[in-house]
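First comes the structure, then the notes that go with it.
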DNA sequence: AGGCAAGAGGAATTTTTATTCTATTTTGCG
DNA sequence: CGCAAAATAGAATAAAAATTCCTCTTGCCT
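Residue numbers (the working numbering), protein chains in the order written: chain Z, -13 to 276; chain B, -13 to 276.
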């Protein structure tokens, strides 16, 4: 599809001082990112599309890409020329190159990875990442299956009625409380993060009132500080939603609703993926319920 | 490139008793293998080539494929028709599909899922949980596909050499930094969480030295405080590992290694599942490398 | 405000590509 | 060994694609 060469395009090229035209996707992407701010509206639109759907650029025809990106075919050619190519086809070839290098699909890779892991115990970062991802996927599926709709409804009801939602979690689970704090604030709910900063958790917990609610998260081996906070809340008649790992947890007895989440684990490291998913769902459900 | 339809080709089709034409690469490959012994010489040649270089079939033009396979262009068309297609282009589309799906654009996948769920219109907490879980699963798969082993290796190398690992992330991404702090401490690495507590991030960042490393996480719209910290580190020659959402992020230019993570999103709420998975993998890989 | 330059849109044109057709070769079989 | 049927090659043709080019729009500067 490309023209051999012609005056117009070589003109364009020389105007860019024959700058080295990118020859691989990586440098092309870099170039696109770098020049993004200086591009015109339509060209930016294409830049975004190209970074987001490289496969489509590689495979489809100009007309199809243009319509998917919501631009005119000629705009794509202007785009290509802006980056020093003779025409769109030249640019397209860069994207195709990436696909030509035989890359196994995700499922193929998982299968291969599994073989490898059984055989010689690959500890490379990529293997670890794949393993974690797999474990997290399994944990998420498990979460969906185990979590009862009734519990979710009750938890959302408690949170909806609460004037302020207090949050407590420590050590490994602390990121969950931090996320909840952010998310609740974002949907306009008053939240209080009992982060024990300066050792002032004893003071922070005094703020809890029966018209509020507490979300407590703790996993084995159950940080005493968190368990104490839950006990304190229970005594004060503050409704408590608990997230923990198993029924024998000290939270079970003290909470109005408890969720049992089994997070993914690899090499003794527990993930937070499933817990995070549950936490988010609660917040979004709460936000939607209002 | 395909003709609408014509007598000849439909004749060929009907001769094959309108047998179901394969619609995906897997069944097509099966069909090719099965019928291989009954094929004519030139057609076998093509069959071998197709099984060996599926990517080339997907990307190149008939002329190029023909010359690489050492056959005439028309032979390729005969081949396609022998398998019930109207022309070579139809067959080619099957191969293209695989490439498009092998790294499915994440947002398309999410969009498809949204369509699916739109039917039910269930906004209850359980539906939201399921939705989040599925979105997270898709994001995790996407993460595995997009993350390059080389980047992981380089990031781990940087972290391994670091005396102290500084961590910076704010607002939505803060939980990630918090988790990293916990995890790094657990594997016995010295970590410093630049949490901007008491507004003292400017002081906290002074601790960074070239023999250390910085892990920075920020997503649109790129908390200025984090971007500044990264710029500061870059000036001080502190190696930086970045985690962000897309190449146009301000982190791209300043980091030694950057990971692009597209987290799951439902109702404007972005998850941290995929980012969390990546963070964990880095820590575990670092722990294992020692 | 008004003019100018860069950008965008869309039809027309050219190039490339897929497909068909027929002459020629090969293959299988009596 | 020769005849018919199938297979093949390659030129010819039709289709589809990329690209150009001209007109209209938009934004910017004086």
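Virtual Cβ for every residue (Gly too), placed ideally from N, Cα, C.
DSSP-derived helix/strand/coil call for residue i
| i | result |
| --- | --- |
| residue 106 (chain Z) | Any reading at residue 106 (chain Z) is ruled out, since the residue's pLDDT is 48, under 50, leaving its predicted position unreliable. |
| residue 197 (chain B) | coil |
| residue 258 (chain B) | coil |
| residue 177 (chain B) | strand |
| residue 202 (chain B) | strand |
| residue 245 (chain Z) | strand |
| residue 138 (chain Z) | helix |
| residue 253 (chain Z) | coil |
| residue 228 (chain Z) | strand |
| residue 296 (chain B) | This structure leaves residue 296 (chain B) out entirely; chain B is present only between -13 and 276. |
| residue 128 (chain Z) | helix |
| residue 277 (chain B) | With chain B covering -13 to 276 only, the question about residue 277 (chain B) has no answer from this structure. |
| residue 116 (chain Z) | helix |
| residue 234 (chain B) | coil |
| residue 239 (chain B) | helix |
| residue 155 (chain B) | strand |
| residue 150 (chain B) | strand |
| residue 22 (chain Z) | helix |
Residue i versus residue j - alpha carbon distance
| i | j | result |
| --- | --- | --- |
| residue 28 (chain B) | residue 81 (chain B) | 20 Å |
| residue 84 (chain B) | residue 77 (chain B) | 12 Å |
| residue 18 (chain B) | residue 73 (chain B) | 16 Å |
| residue 178 (chain B) | residue 151 (chain Z) | 29 Å |
| residue 43 (chain B) | residue 51 (chain B) | 7 Å |
| residue 187 (chain Z) | residue 181 (chain Z) | 7 Å |
| residue 261 (chain B) | residue 170 (chain B) | 16 Å |
| residue 60 (chain B) | residue 38 (chain B) | 20 Å |
| residue 111 (chain Z) | residue 255 (chain Z) | 15 Å |
| residue 257 (chain Z) | residue 117 (chain Z) | 12 Å |
| residue 167 (chain Z) | residue 190 (chain B) | 23 Å |
| residue 8 (chain Z) | residue 132 (chain B) | 21 Å |
| residue 75 (chain Z) | residue 40 (chain Z) | 14 Å |
| residue 245 (chain B) | residue 234 (chain B) | 12 Å |
| residue 20 (chain Z) | residue 113 (chain Z) | 32 Å |
| residue 35 (chain Z) | residue 55 (chain Z) | 6 Å |
| residue 212 (chain Z) | residue 161 (chain B) | 18 Å |
| residue 12 (chain B) | residue 183 (chain B) | 56 Å |
Integer Cβ distance of residue i from residue j, believed to fall under 8 Å
| i | j | result |
| --- | --- | --- |
| residue 123 (chain Z) | residue 126 (chain B) | 6 Å |
| residue 202 (chain Z) | residue 228 (chain Z) | 5 Å |
| residue 196 (chain Z) | residue 226 (chain Z) | Going by Cβ atoms, the distance from residue 196 (chain Z) to residue 226 (chain Z) rounds to 11 Å, so no, they are not a contact pair. |
| residue 264 (chain B) | residue 247 (chain B) | 6 Å |
| residue 163 (chain Z) | residue 199 (chain Z) | Not quite, the Cβ-Cβ distance comes to about 14 Å (not below 8 Å), so this is no contact. |
| residue 115 (chain Z) | residue 130 (chain B) | 6 Å |
| residue 65 (chain B) | residue 32 (chain B) | 5 Å |
| residue 240 (chain B) | residue 271 (chain B) | In fact, because the Cβ distance is near 23 Å, the residues do not count as touching under 8 Å. |
Residue-level contact to chain B via CB, residue i, 7 Å cutoff
| i | result |
| --- | --- |
| residue 41 (chain Z) | yes |
| residue 57 (chain Z) | no |
| residue 208 (chain Z) | no |
| residue 247 (chain Z) | no |
| residue 50 (chain Z) | no |
| residue 10 (chain Z) | no |
| residue 262 (chain Z) | yes |
| residue 259 (chain Z) | yes |
| residue 19 (chain Z) | yes |
| residue 267 (chain Z) | yes |
| residue 45 (chain Z) | yes |
| residue 170 (chain Z) | no |
| residue -10 (chain Z) | In this predicted model, residue -10 (chain Z) has a pLDDT of only 35, less than 50, meaning its place in the structure is not dependable; the value taken from the coordinates is given anyway. With 7 Å as the cut-off, residue -10 (chain Z) does not count as an interface residue toward chain B. |
| residue 205 (chain Z) | no |
| residue 193 (chain Z) | no |
| residue 277 (chain Z) | Only positions -13 to 276 of chain Z appear in the structure, and residue 277 (chain Z) is not among them; the question remains open. |
| residue 179 (chain Z) | no |
Chain Z contact for residue i (CB, 7 Å cutoff)
| i | result |
| --- | --- |
| residue 13 (chain B) | no |
| residue 122 (chain B) | yes |
| residue 165 (chain B) | yes |
| residue 255 (chain B) | yes |
| residue 118 (chain B) | yes |
| residue 277 (chain B) | Residue coverage of chain B in this structure runs from -13 to 276, which leaves residue 277 (chain B) outside it and unanswerable. |
| residue 190 (chain B) | no |
| residue 271 (chain B) | yes |
| residue 114 (chain B) | yes |
Any non-hydrogen atom of the ligand COA within 6 Å of residue i CB
| i | result |
| --- | --- |
| residue 275 (chain B) | The ligand COA is absent from the structure shown, which contains no ligands of any kind. |
**Request:** Below 9 Å between beta carbons is the criterion; list the residues of the segment 212 to 245 of chain B that meet it against any residue of chain Z, in chain order.
**Result:** Legend: CB atoms of the segment 212 to 245 of chain B lying less than 9 Å from CB atoms of chain Z belong to residues 232, 233, 234, 235, 238 and 239.
**Message:** Can you pull out the residues from the segment 141 to 164 of chain B whose beta carbon lies closer than 8 Å to at least one beta carbon of chain Z?
**Reply:** Listed in sequence order: 141, 142, 157, 158, 160, 161, 162 and 164.
**Request:** Can you give me, in chain order, the residues of the segment 128 to 142 of chain Z that have a beta carbon less than 7 Å from any beta carbon in chain B?
**Result:** Taking 7 Å as the Cβ-Cβ cut-off against chain B, the residues of the segment 128 to 142 of chain Z that qualify are 129, 130, 133, 135, 138, 139 and 142.
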